[in-house]
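Right, one structure below, let's go through it.
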């Protein structure tokens with residue numbers, strides 16, 4: 134089974150409790166399919182991509198965009214979708230008005246693990262932070278680099294292979310009729 138219904142939402146209408154499907158939070162594609170690359174391929178979003186455009190390109194209809202949302206656990210599309218490259222600097226300065234591009238957020242070791250150079254000073258392993266950074270080969274990561282990388286990571290999404298779409302859509306339609 135590719136789709137799963139997790140529950141219903143409730144609301145009051147004219148003093149009467151009414152149950153309705155909350156498809157944005159209650160229908161999912163089980164992790165066993167999202168984590169198995171036999172069912173999907175990886176796609177790198179371009180600035181010009183939209184959900185409807187991708188759906189039209191991959192599934193021959195703009196109406197299958199929900200499959201992309203479900204495959205990628207997108208709850209809030211505005212937050213899940215990457216900021217276009219040409220708008221990122223403006224976004225950065227709006228979100229972090231007191232930070233410059235070069236302000237350091239943290240340091241990472243050669244494996245990319247965040248390290249606190251002050252901790253090595255506190256442990257007595259080095260004399261000062263500069264010594265810690267040098268001896269451990271720590272690389273500074275700026276606020277800008279950090280948030281830029283988060284945005285870039287959002288560009289990599291999973292697309293359900295077209296051969297599974299018909300079966301999944303039938304299951305979703307059945308779930309929604311049942312709900």
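Numbering (this note's numbering), first residue to last: 134 to 312.
A virtual CB, placed ideally from N, CA and C, is assigned to each residue, including glycine.
- DSSP, reduced to helix, strand and coil, places residue 268 within a helical segment of the structure shown.
- In this model, residue 261 and residue 234 are separated by some 25 Å (Cα to Cα).
- Residue pairing by DSSP places residue 292 opposite 174 in a beta bridge.
- Under the DSSP definition of a beta bridge, residue 217 lacks any partner.
- If you draw a straight line from the Cα of residue 181 to the Cα of residue 265, it is about 44 Å long.
- Take residue 218, set aside five residues on each side of it, and the residues of its chain with a beta-carbon closer than 6 Å to its own are 180, in chain order.
- Residue 302 has its alpha-carbon roughly 45 Å from the corresponding atom of residue 239.
- Under the DSSP assignment, residue 253 falls in the alpha helix (DSSP H) whose first and last residues are 250-255.
- Going by DSSP, residue 241 is part of the beta strand (DSSP E) stretching over 237-241.
- By the C-beta density criterion, residue 170 is exposed, having fewer than 16 other C-beta atoms within 10 angstroms.
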